[in-house]
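Undergrad: In this note's numbering, the protein residues as written are -8 to 281. For each residue, glycine too, the CB sits at the ideal point set by N, CA and C.
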Ligand code: HBI
Ligand code: FE
């Protein structure tokens, strides 16, 4: 039973766990070309922006220019490295299905490819967002453990009605996380690394806040689903992220129950500030929308 109380049944053609066959031989040349165009744009941009674990993962899985990867091929190496595998799904799956896959080291990746006119942004994760954005980090043993721990945490959070807080943790780490390194701040979040514009904005633009990661603070912070983030959280290491999830969330959930949401652009006196943003981008967009 999912969080909204309805038992979701899988769409026609999908198995009980919502997986489908990738059908790699069925992709058209035009679909492979969309992957190639996106891959080349990001491959040119990310050295010096994406973290080492991500760049090493791209190489390890041989995700390259020739087109959409065949999951059967990349799973051999991914499995050997961290026990993870990529499974194809038709699109977003119910939370309880999603968490069960993660807890069992299966990453559910959209099987479909965005249209050429959606090159810059699409709301629903397609195969480029999922496989280029998320899968390379799963070759890193520490991050791979974090993602499995997140899946188990999600299952517990559902039982405790804490899904919204846990979704914020996912959003500000797995999707939009930044990592402090001796060479400077680098990207590990899939939502950033799979987007040309946000790969630039997240590191270079003076508009967003960049704050030191703090698990409880992140769980109180709403996020944007329709535009660039107004705040990014920076972890000191992947190990620190994993360690943060290995604690008992019980007391945290207890404190969160009474805590108010933190306005998205606010900086608290207790925050570790890496950059104090101008919020110029978000203010500009809000004014234009009036
Ligand atoms: N399903 N396929 C897929 N991919 C996701 O990233 C995903 C999902 N279902 C739920 C979900 N993400 C979010 O609610 C997570 O925060 C749990
Ligand atoms: Fe994603």
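Would you say the beta carbon of residue 18 comes nearer than 7 angstroms to a heavy atom of the ligand HBI?
TA: Here the question's residue 18 lines up with position 27 in the chain shown. No, since every heavy atom of the ligand HBI falls outside the 7 angstroms radius drawn around the Cβ of residue 18.
Undergrad: Taking the DSSP output, what are the residues bridged to residue 99?
TA: The sequence position of residue 99 within the chain shown is 108, counting from 1. Answer is 78.
Undergrad: In three-state DSSP terms, what is residue 223?
TA: Translated into positions along the chain shown, residue 223 becomes position 232. Looking at residue 223 - three-state DSSP - the assignment turns out to be strand.
Undergrad: Could you tell me if the beta carbon of residue 80 falls within a distance shorter than 7 angstroms of some heavy atom in the ligand HBI?
TA: For the purposes of this step, residue 80 is taken as residue 89 along the chain shown, with counting starting at 1. Answer for residue 80: yes, Cβ within range of the ligand HBI.
Undergrad: Relative to the alpha-carbon of residue 280, which residue among 253, 217, 227 has its alpha-carbon at the smallest distance?
TA: In the chain shown, the residue the question calls residue 280 occupies position 289. Answer by Cα proximity: 217.
Undergrad: Look at the Cβ atom of residue 44, then the Cβ atom of residue 136, and state whether they are nearer than 8 angstroms.
TA: Along the chain shown, one-based indexing puts residue 44 at 53. Along the chain shown, one-based indexing puts residue 136 at 145. Not a contact, by the Cβ cut-off of 8 angstroms.
Undergrad: Pick from 119, 185, 250: whose alpha carbon is nearest that of residue 209?
TA: Working through the chain shown from its first residue, we reach residue 209 at position 218. Of the candidates 119, 185, 250, the one whose C-alpha sits nearest the C-alpha of residue 209 is 250.
Undergrad: Which of the three DSSP states is assigned to residue 187 in this structure?
TA: Here residue 187 is taken as the residue at index 196 of the chain shown, counted from 1. Helix at residue 187.
Undergrad: Between 75, 104, 102, which lies nearest to residue 95 when the distance is taken from Cα to Cα?
TA: Position 104 of the chain shown, counting from 1, holds the residue named residue 95. For the residues 75, 104, 102, the minimum Cα distance to residue 95 belongs to 75.
Undergrad: Given a threshold of 16 other Cβ atoms within 10 Å of its Cβ, counted over all protein chains shown, does residue 241 qualify as buried or as exposed?
TA: Within the chain shown, residue 241 is the residue found at index 250, counting from 1. Exposed, because fewer than 16 other Cβ atoms sit within 10 Å of the Cβ of residue 241.
Undergrad: In terms of alpha-carbon separation, which member of 47, 87, 61, 90 lies closest to residue 72?
TA: As a first step, residue 72 is located in the chain shown; it is residue number 81 there, counting from the start. When each option's Cα is compared against that of residue 72, the closest is 47.
Undergrad: Would you identify the three-state DSSP class for residue 258, choosing helix, strand or coil?
TA: For the purposes of this step, residue 258 is taken as the residue at position 267 of the chain shown. The three-state reading of DSSP puts residue 258 in coil, since its state is none of H, G, I, E or B.
Undergrad: Please find out if some non-hydrogen atom of the ligand FE comes closer than 7 angstroms to the beta-carbon of residue 116.
TA: By one-based count along the chain shown, residue 116 stands at place 125. At least one heavy atom of the ligand FE is nearer than 7 angstroms to the Cβ of residue 116, so yes.
Undergrad: Tell me the DSSP secondary structure of residue 350 in three-state form.
TA: The structure shown does not extend to residue 350, since the chain spans only -8 to 281, so no value can be given for it.
Undergrad: Where does residue 5 sit, in a helix, a strand or coil, going by DSSP?
TA: Translated into the one-based positions of the chain shown, residue 5 becomes position 14. Three-state result, residue 5: coil.
Undergrad: Expressed to the nearest angstrom, what Euclidean distance is found between the alpha-carbon atoms of residue 140 and residue 233?
TA: The sequence position of residue 140 within the chain shown is 149, counting from 1. The sequence position of residue 233 within the chain shown is 242, counting from 1. Distance between the alpha carbons of residue 140 and residue 233: 8 angstroms.
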